[in-house]
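In this note's numbering, the protein residues as written are 126 to 411.
Okay, structure coming up:
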């Protein structure tokens with residue numbers, strides 16, 4: 126501790142769990158903190174600086190870009206920050222404009238505002254998942270280009286993966302999430318994993334095109350409460366029917382995505398995960 130309640134950089138570093146080098150970088154790049162200087166040149170940090178650093182880390186862990194995290198952290202204590210004043214419709218429109226124009230900065234900024242103002246659960250249920258469904262319909266009808274579809278999918282996929290950081294840690298039940306062999310569409314599965322995480326689940330994410338034998342081999346080590354498989358067409362499940370039947374004989378398996386149906390799940394000894402992803406996650410019990 127320094128004088129009159131001010132902290133030297135080493136003490137601030139210990140309190141907030143960030144290195145002195147990173148604190149200096151955040152000060153230089155984003156103006157996040159405004160330390161006083163002693164006659165000898167030592168930085169002295171205030172309680173407001175400490176709050177801003179903690180807020181910056183929380184925003185980054187929530188998937189925001191560093192620049193947006195810093196901007197919002199500097200608004201700490203403002204009862205009506207800019208992000209909260211925008212309506213859901215405003216942000217959704219800005220997001221679609223950014224994607225249609227292939228404008229990454231605009232799309233990322235809209236995602237930042239969406240997550241800060243409305244939180245992950247509402248963002249997924251009311252904006253991100255409906256947008257992905259509309260994009261798929263537009264692409265199928267040749268109303269959206271391949272470039273637009275790939276651009277939007279890559280940006281949303283990157284953000285979802287950022288939000289998934291450390292989602293395997295904790296004490297809740299574990300779910301293994303994967304797409305069966307040949308299935309490459311995984312944004313719905315990523316979204317479902319995040320919705321489960323919001324409900325306290327631990328996630329082991331194996332992603333697209335996963336051999337089912339590899340899942341079976343990991344069961345003893347991971348001890349999951351459920352394995353969730355998602356595919357866009359029934360054939361992806363049927364192509365691995367023998368492996369899937371063997372898997373369902375050992376562990377609870379849920380099937381989701383456009384390719385899943387009650388008849389198919391019953392045939393393979395699995396359960397159908399049907400409905401809005403956020404609702405299904407809320408209803409799923411260990």
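Glycine residues also receive a C-beta, built at the ideal position from the N, C-alpha and C atoms. What you are looking at is a predicted structure, and each value in this text was computed from that prediction instead of being measured.
Euclidean distance between Cα positions of residue 286 and residue 392
33 angstroms
Residues bridged to residue 161 by DSSP?
169
Same chain, Cβ closer than 6 angstroms to residue 398, neighbours up to 5 away in sequence not counted
Within the same chain, 379, 381, 405 come within 6 angstroms of residue 398 by CB-CB distance, once the 5 residues on both sides are set aside.
According to DSSP, simplified to helix, strand and coil, what is residue 299?
strand
Would the stretch 181 to 190 count as touching the stretch 285 to 304 if we require 3 or more Cβ pairs under 8 angstroms?
Contact between the stretch 181 to 190 and the stretch 285 to 304 is present: three or more C-beta pairs spanning the two stretches fall below 8 angstroms.
Buried or exposed, going by whether 16 or more other CB atoms sit within 10 Å of the CB of residue 229?
Answer is exposed; the Cβ neighbour count stays below 16.
Cβ neighbours of residue 336 in the same chain (closer than 7 angstroms, five flanking residues each side left out):
306
If contact is defined by three or more beta carbon pairs under 8 angstroms, each pair taking one atom from either stretch, is the stretch 340 to 359 in contact with the stretch 311 to 324?
Per the Cβ contact rule, the stretch 311 to 324 is in contact with the stretch 340 to 359 (3 or more Cβ pairs under 8 angstroms).
Between residue 191 and residue 400, what straight-line distance do the alpha-carbon atoms span, to the nearest angstrom?
35 angstroms
Among 297, 222, 317, 268, which has the Cα closest to the Cα of residue 254?
For the residues 297, 222, 317, 268, the minimum Cα distance to residue 254 belongs to 317.
Nearest-angstrom Cα distance between residue 178 and residue 132?
13 angstroms
Smallest Cα separation from residue 284: which of 368, 303, 249, 299?
Out of 368, 303, 249, 299, the CA that lies nearest to the CA of residue 284 is found in 249.
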